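Novice: Can you read through this structure? Questions will come right after.
Protein chains: 6
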Amino acid sequence: MPRFDLSPAELREYRPEVAEPADFDAFWARTLAESRAVGQAPELTRVESPLALVDVYDLAFSGFAGDVVRAWAVVPAGTTEPLPTVVEFNGYNGGRGLPHERLAWAASGYAWVFMDTRGQGSGWGTGGSTPDPHGTGPSVAGFMTRGILDPEQYYYRRVFTDAALLVDAVRELEFVDAARVAVTGTSQGGGIAFAAAGLSEGLVAVMPDVPFLCHFERAVGLTDRDPYHEVERYLAVHRGDAEQVFRTLSYFDGVNHARRATAPALVSVALMDPVCPPSTVYAAANHYGGEASVVEYAFNEHEGGQGVHWERQAAWLADLV
Amino acid sequence: MPRFDLSPAELREYRPEVAEPADFDAFWARTLAESRAVGQAPELTRVESPLALVDVYDLAFSGFAGDVVRAWAVVPAGTTEPLPTVVEFNGYNGGRGLPHERLAWAASGYAWVFMDTRGQGSGWGTGGSTPDPHGTGPSVAGFMTRGILDPEQYYYRRVFTDAALLVDAVRELEFVDAARVAVTGTSQGGGIAFAAAGLSEGLVAVMPDVPFLCHFERAVGLTDRDPYHEVERYLAVHRGDAEQVFRTLSYFDGVNHARRATAPALVSVALMDPVCPPSTVYAAANHYGGEASVVEYAFNEHEGGQGVHWERQAAWLADLV
Amino acid sequence: MPRFDLSPAELREYRPEVAEPADFDAFWARTLAESRAVGQAPELTRVESPLALVDVYDLAFSGFAGDVVRAWAVVPAGTTEPLPTVVEFNGYNGGRGLPHERLAWAASGYAWVFMDTRGQGSGWGTGGSTPDPHGTGPSVAGFMTRGILDPEQYYYRRVFTDAALLVDAVRELEFVDAARVAVTGTSQGGGIAFAAAGLSEGLVAVMPDVPFLCHFERAVGLTDRDPYHEVERYLAVHRGDAEQVFRTLSYFDGVNHARRATAPALVSVALMDPVCPPSTVYAAANHYGGEASVVEYAFNEHEGGQGVHWERQAAWLADLV
Amino acid sequence: MPRFDLSPAELREYRPEVAEPADFDAFWARTLAESRAVGQAPELTRVESPLALVDVYDLAFSGFAGDVVRAWAVVPAGTTEPLPTVVEFNGYNGGRGLPHERLAWAASGYAWVFMDTRGQGSGWGTGGSTPDPHGTGPSVAGFMTRGILDPEQYYYRRVFTDAALLVDAVRELEFVDAARVAVTGTSQGGGIAFAAAGLSEGLVAVMPDVPFLCHFERAVGLTDRDPYHEVERYLAVHRGDAEQVFRTLSYFDGVNHARRATAPALVSVALMDPVCPPSTVYAAANHYGGEASVVEYAFNEHEGGQGVHWERQAAWLADLV
Amino acid sequence: MPRFDLSPAELREYRPEVAEPADFDAFWARTLAESRAVGQAPELTRVESPLALVDVYDLAFSGFAGDVVRAWAVVPAGTTEPLPTVVEFNGYNGGRGLPHERLAWAASGYAWVFMDTRGQGSGWGTGGSTPDPHGTGPSVAGFMTRGILDPEQYYYRRVFTDAALLVDAVRELEFVDAARVAVTGTSQGGGIAFAAAGLSEGLVAVMPDVPFLCHFERAVGLTDRDPYHEVERYLAVHRGDAEQVFRTLSYFDGVNHARRATAPALVSVALMDPVCPPSTVYAAANHYGGEASVVEYAFNEHEGGQGVHWERQAAWLADLV
Amino acid sequence: MPRFDLSPAELREYRPEVAEPADFDAFWARTLAESRAVGQAPELTRVESPLALVDVYDLAFSGFAGDVVRAWAVVPAGTTEPLPTVVEFNGYNGGRGLPHERLAWAASGYAWVFMDTRGQGSGWGTGGSTPDPHGTGPSVAGFMTRGILDPEQYYYRRVFTDAALLVDAVRELEFVDAARVAVTGTSQGGGIAFAAAGLSEGLVAVMPDVPFLCHFERAVGLTDRDPYHEVERYLAVHRGDAEQVFRTLSYFDGVNHARRATAPALVSVALMDPVCPPSTVYAAANHYGGEASVVEYAFNEHEGGQGVHWERQAAWLADLV
């Protein structure tokens, strides 16, 4: 994929107007309050594993509407003290997989928690195990358009609520230092991290990596790659619904969540990314409510900085915790 | 797509063993009984349209679990007498669209009813309007793997029940001659037609056109084209679930439904069809419980006979009604 | 296909200079006169069909050079009075197919006539039956470059003449009200409709839907999709022929035909159309000689508005007839 | 393209039954006689060129129906004596191009004549200049289905006649030794060479290189690559025409022409050729009426042996002339 | 990719004849002896990292011809006792990347050593840093055909020697228990593991995962996917070199190396693997010189079992060490 | 490929700043001097061939570091006098092939010499036979990134040196008029021709045809087609190396070599060329140090003018020699 978006100089200054509904804060305050009202205490179950250096737990917590959502929690073996903690969200259609697959944060002395994205986890990797027990109106194959005509019914209302409630739940765990919780994630996980950052108080750091779910009005039509393209296909069939669809999406736009976040942020962007175009990432980073640093990967597509970027994150986070 | 399946001679004799669960009939009897128990009378609403030669109705009926499902009903203008009726089901991810898009049956003097497939209708065409208000476990993008670990939860349990209950509902309409109801459909619609044929009594004819949803154990892995391929991708992630998945699918296999059907059938098959391979179609046709004629389209892929086949169907059905 | 053409605001003002040969009108006047001179009266033959609500006719009329061209004529059953009439032209490489495949206009009370495009009809659908008994110089596979070095020999000279003479012929039919004839068509059919509109007198309406054959100098090289791309491939081989080729095409450019048309027009354009780029459609619409309304489909590719647009056309046309 | 056809051992023995019409010889005798009856003497025009070592001529001869067909004739500069001669036919949709592009035969001391394939020459390379002044019924884009419903009207009737009449014409040239004329060609050119070999008397050698146009009933449906695939697409639309189409093709099948040829033949075949599958080539080679050697290129697709094979041909032919 | 290779039942019995050069053992004995003769002691350099739970080392050892080759060595933090050790080789065109990217073995209490494949490491991931300071004859892009005309010059002679010498080097490290060294790798890494197993003494286990580099004569031509396809392309140009090429490859065929291996083996195979077709994997497993278990992934392509298979390996290996 | 680069008007004025290292001339002077110091006299061996009109020689000359590089030399049969000479370089991954494949220059009375590109010659055609006996650091498959971190080690340092030394060698041949040597080549061959033109004295003409290897900083990222894309993939893995990579490439940039060339040049450019974008070609042509004419092929992709352009070259060169 060659260069197709704004030039590097333009990107760094790109701060577009992005629509925000008047009741954005009220919508989310109500949403979180309703789900918190029906939630229960998280359950932590020790899991046997060959991983001698770490302790592995299956974490079951109450997400949207009290639905049980699962996560892995992995900590250095024998941890008894509260640790700085990294909460991670996953990319599109991946599940939490198996705990041995992502060990770098725990091996670096953090408590690491990895959320299963409800309903997803069958597209690649080793699977997920959290259902999404809510139906949907007509939708394109995929998750992007489930319930897209109504913010109340939209799929990501449930996912973002899960994410915010996972931050709550994690803070109740005895091996977590509630004052030192960071959120991170790649692609969809980065978009969820922006949302968690906007919806949670007192995070120590936010690390969205080539984040998805930002500046939908630009993204839809700028790229023909899924998942943004799912919205385009929906609108190609439901020809009169564009206004309503983009109104729904405005409640979930990473730009609007980023505006409300205040913890220090380290954002990555890949300048040839055809999946999450760089201008959509910069739109969120440049509107970020706190201090945000952006790391550019000039010749990468959506894979971004991969392990190189993790080293950047690890060094940056170490200075904050 | 060149020839890739059995030879024509082999196809015509192909009658494979297909697994059938011991409680197949009990499962479906219970399923239909439960949904019928919560159903309500169908509602017919006249729709304004420029189509002067026909009357158009929006039909809302109670499908699975009493969910409201929509359909179009189109009849010759001013119909007052019960007519022979064609109930049609749609292809994968299409919706019922707009009533002027399929006028041939009504223009030929039939009452024509076209079911909206729940949750679908956003993939192509002009849309659908029936939600699927039931959640799902982790699934591949698409509809094929929603709830696939449990026959009770499987997506097509709801769709096939909708289809059978639509036959019930249609028979209550005053412009329908309940003794002369035929079912038809192309691709997914053909698979649903087989199911409706196996689950309904007293149909006058069954016309599956290049039907999907037949002989899953052969189809999955024989073609790399969606929708069968969705199951393969699910199993590629959920590596231990093949037995459970195929057990679920056995309740929905067109072969097993075809075995129970008795009305005369006209089945079409395209010999170069990479989506619904011809051997999977012949598997159902050759196991059909009544008299089944097969029309072969030797050089067609999944488009099959198109309008040419409709003329075959129209002539064949005219002799039966 | 993401957005690739002018912005919506630019499109609406786009009114490019398009070359027009000095003898454009003389060329066409002579062409039509010569073919009219050798024409014979149209022949209408009733066709048996299961379509009880309509009467179906095979219409054979004299097209270019007196060649026999076929069309379907379908009218409400038992029509005896002159009706408002819709003459429709088909998309690239489609044939007139079977009469039951397009019933909406006749079912809405119009006489509907559907022209077979000479030589075409073997690319998709259910076929055509009109030969093109004229040879060609070297040409790319397809129809776009047949005779392209000479306006006299160019393929579309024959097709556009067929279209204009079909309007003549239709007006001789007893079930047609000659004062209320509209022309329409999708893609290539839309381009032919522009030509018929420019070459015929007294049409009541013109409805080109995502029209092809407009503003060749921009289209060739803007898209790599056939059929415009056929011209590019021809010029890639015949490296010195660009001037001559574009001179030929200027006689057939929808922009030049649109300039001469005066009947009210309803034009559709799909803003992500990679086959008939939106700027080429707007070029014709913005040069249209009469009143032209444009309906935009913002998220569609070449499929455009499909059945949704037919409803727009039907409502718009009803007000005119 | 991996191996997909018969095994090498099976190929070498493959001698399928191929349908041949009873009037095959009568058809061709009449065809050639009619065209010969209206033909005129070939015209040879010296062409200026920078090619000092050879003399270049534009050859215009009378082909099918007396149509003027062009060819290049290139001979060693100053040739005054009759030379052994190679007549070459071109691949699909190529033209005769420019004389400097193929110099190997003339540089080896042969008179070399390269026929322009009528109507072709716009698909690749540097072009052709021979029109095909005969119309056609509905056809797929390309040349394979022009007039395919009737052997009299079929495109290759004209091309094969051109080829046989070119052999006639060449023998009239003073720099040609009429007793030492060989025919050759690659792909379509190889198929034409088989036809020329079957239709001409007294050739010294025949060298079809990865020949096309052989064993149509197997080829159509075995490969999804054009040009054979053009026939499949035609039959996919014209669903009832298979018998008639294959009857037409039987007059043009390289197998049937090969049966009638008697000059020594050197045939090449590429075992991974997805365009001209090896079994279709062996079908013709194994039915060849004279002595035929086959050179296999085991790991090549349709490019075959390229320049390596020309060296094989040159050595083989040198022994015969 | 649908099923394309032998059936599961055939695969399990597949034990083809595979050519083996008479001097296979002599070739390798000499090769290893020569390189050992010029080798130097491995150098281990502690690397700073945020990974608190493990110690990370850069290991530089003498590979083929004494060339310096790099590896990562990662052990539980503070390890002082010899540990069971896993030596891992990488997939095609990947480098050793960064040490935090693969932590599962070290986190499970093993010393883990990961070899950089010489010259590779620029195709994906986070890079490699080992040059291949040896030239090559003409080769296809990629590594498969470098020096392929001569076993002495062939690229994998250097790589396999590196692998065997890494096993030597690892046994000299103080944190390694020389009697409990296992080798593993995925794809190319699995092929190298077979070679290391055949060339090394006293390994405790061998775990090739969807191994590449097995049964070349079948693989080349069975799949059109790289890297096997590189050989096919080479042979398509070098048309006379097949015998010599396959002779070279016979020294490197995983089947021949597997025959000589004796340590217990756990082999994985993906039944729909288009890159390393299952029959080529079974060919090596069924010829394996010791006890070999095969784990099948029935619906996977080349990704195979991924993290699920690592759990299988970890459990299996724990029983052996 | 549609238009994607600058407009024709912009292209003709495009004269970008291109980085040039301060020691460019010193680097090349030293490089050539070192290789000349170890070179030996060229060896010319007569080759048997059926090509009676020309004499064919295998030319072995000393290239970079004294490595033996091969070329074909072809001259009119019996040449005894010094002739004007064309030295040609080949496209990416092609070899010198067989002498009969390119006869136009020799047939026009020139001595023609065609260099084998070291290490290449296995990608297409009939092969090469010159090894590249120098190793490389980690590289992407292909030749573009071999040694790319260091100008001393970069692959094209060897190739460009070969080219300059071939000009030296050719001038020693008795059938060559040293004062009338021209260089030419297509694609990669055109880039090498620019380099040879900048590094050699006293050439009579330079004819780069759709040249590659020009203006790397623009090319990498503007096109996603190999070979430029190889550099992009390298940088996507080696995320910190861009500065060093582009510094290396600046020694090899056709723009910098063109600046130093003084012989008259005829450059071709294809305006839709996605492999060697037209702006990169114009960058070199507009910086050319002597008189440069540019021939545009407006509708061509990377095939450019093909045989049509050869005629342009032949006429242009004839005026100079």
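Chains as they are written, first to last, in full-length UniProt numbering: chain F, 1 to 321; chain X, 1 to 321; chain G, 1 to 321; chain A, 1 to 321; chain H, 1 to 321; chain L, 1 to 321. Just so it is clear, CB atoms sit at the ideal spot from N, CA and C, and this is done for glycine as well. These numbers come from a predicted model, not from an experiment.
State the CB to CB distance for the pair residue 222 (chain H) and residue 3 (chain A), rounded to an integer number of angstroms; the pair is presumed to be in contact (CB under 8 Å).
Specialist: 7 Å
Novice: For residue 311 (chain X), go through chain G and note every residue whose CB falls closer than 7 Å to its CB, in chain order.
Specialist: Ordered by position in chain G, the residues that pass the 7 Å Cβ test against residue 311 (chain X) are 98.
Novice: Using the rule of at least 16 other Cβ atoms within 10 Å of the residue's Cβ for burial, across every protein chain shown, is residue 320 (chain L) buried or exposed?
Specialist: exposed
Novice: Check each residue of the region 104-128 of chain G: if its Cβ is closer than 8 Å to any Cβ of chain A, include it; give the result in chain order.
Specialist: Those residues of the region 104-128 of chain G placed with their C-beta closer than 8 Å to a C-beta in chain A are 119, 120, 121, 122, 123, 124, 125, 126, 127, 128, ordered along the chain.
Novice: Within this structure, are the beta carbons of residue 74 (chain G) and residue 99 (chain G) separated by less than 9 Å?
Specialist: yes
Novice: Check the Cβ of residue 297 (chain F) against every Cβ in chain L and list those closer than 9 Å, keeping chain order.
Specialist: 236, 239
Novice: So residue 259 (chain H) is in the alpha helix (DSSP H); what residue range does that whole segment cover?
Specialist: From DSSP, the alpha helix (DSSP H) with residue 259 (chain H) extends over 254-260.
Novice: For the region 273-300 of chain G, which residues have a beta carbon sitting closer than 8 Å to at least one beta carbon of chain F?
Specialist: 297, 298, 299, 300
Novice: Just list the residues that DSSP pairs residue 88 (chain X) with in beta bridges.
Specialist: The partner list for residue 88 (chain X) (beta bridge, DSSP) reads X:114, X:184.
Novice: Decide if residue 10 (chain F) is buried, meaning its Cβ has at least 16 other Cβ atoms within 10 Å, or exposed.
Specialist: exposed
Novice: Out of H:232, H:47, H:220, H:125, state which residue places its alpha-carbon closest to the alpha-carbon of residue 97 (chain H).
Specialist: H:125
Novice: Do residue 139 (chain F) and residue 234 (chain F) come within 9 Å of each other at the CB atom, strictly closer than that value?
Specialist: yes
Novice: Taking residue 132 (chain F) as the reference, give the member of F:315, F:197, F:70 with the closest Cα.
Specialist: F:70
Novice: Which bits of chain G does residue 307 (chain X) rub up against, with CB to CB less than 8 Å?
Specialist: Here the neighbours are 97, 98, 100, 101, 125, 126.
Novice: Buried or exposed: which applies to residue 118 (chain L), given that a residue is buried once 16 or more other Cβ atoms fall within 10 Å of its Cβ?
Specialist: buried
Novice: Residue range of the alpha helix (DSSP H) that residue 11 (chain X) falls in?
Specialist: 8-13
Novice: On the premise that residue 61 (chain L) lies in contact with residue 166 (chain L), defined as a C-beta separation below 8 Å, what is that separation, rounded to the nearest angstrom?
Specialist: Their Cβ separation, rounded to whole angstroms, is 6 Å, which keeps residue 166 (chain L) and residue 61 (chain L) in contact under 8 Å.
Novice: Which one or two residues does DSSP pair with residue 61 (chain A) in a beta bridge?
Specialist: Its beta-bridge partners are A:69.
Novice: Suppose the cutoff is 8 Å on Cβ atoms and the five residues either side in sequence are ignored; what does the same chain contact list for residue 34 (chain X) look like?
Specialist: So the list reads 65, once near-sequence residues are dropped.
Novice: Under 9 Å between the Cβ atoms of residue 270 (chain A) and residue 305 (chain A)?
Specialist: Cβ atoms of residue 270 (chain A) and residue 305 (chain A): closer than 9 Å.
Novice: Taking just the CA atoms, how far does residue 123 (chain A) sit from residue 246 (chain X)?
Specialist: 50 Å
Novice: Taking Cβ to Cβ, would you say residue 108 (chain G) is nearer than 9 Å to residue 52 (chain X)?
Specialist: Residue 52 (chain X) is positioned such that its CB atom lies closer than 9 Å to that of residue 108 (chain G).
Novice: Thinking just about the alpha-carbon of each residue, which of H:206, H:232, H:88 is nearest to the one in residue 294 (chain H)?
Specialist: H:206
Novice: I want to see whether chain L comes within less than 9 Å of residue 242 (chain G), judged by CB atoms only; does it?
Specialist: yes
Novice: Whether or not the region 257-273 of chain G and the region 167-179 of chain G are in contact is what I'm after, with contact meaning three or more pairs of Cβ atoms, one per stretch, closer than 8 Å; do they touch?
Specialist: no
Novice: Kindly list, in the order they appear in chain H, the residues whose Cβ is closer than 8 Å to that of residue 51 (chain F).
Specialist: 104, 107, 108
Novice: Using CA atoms only, rank isn't needed, just tell me which of F:21, F:174, F:6, F:39 is closest to residue 57 (chain F).
Specialist: F:174
Novice: Could you name the residues of chain G that residue 135 (chain A) contacts, counting a contact when the two beta carbons are closer than 8 Å?
Specialist: 119, 131, 132, 133, 134, 135
Novice: With DSSP run on the structure shown, which of helix, strand or coil describes residue 278 (chain F)?
Specialist: helix
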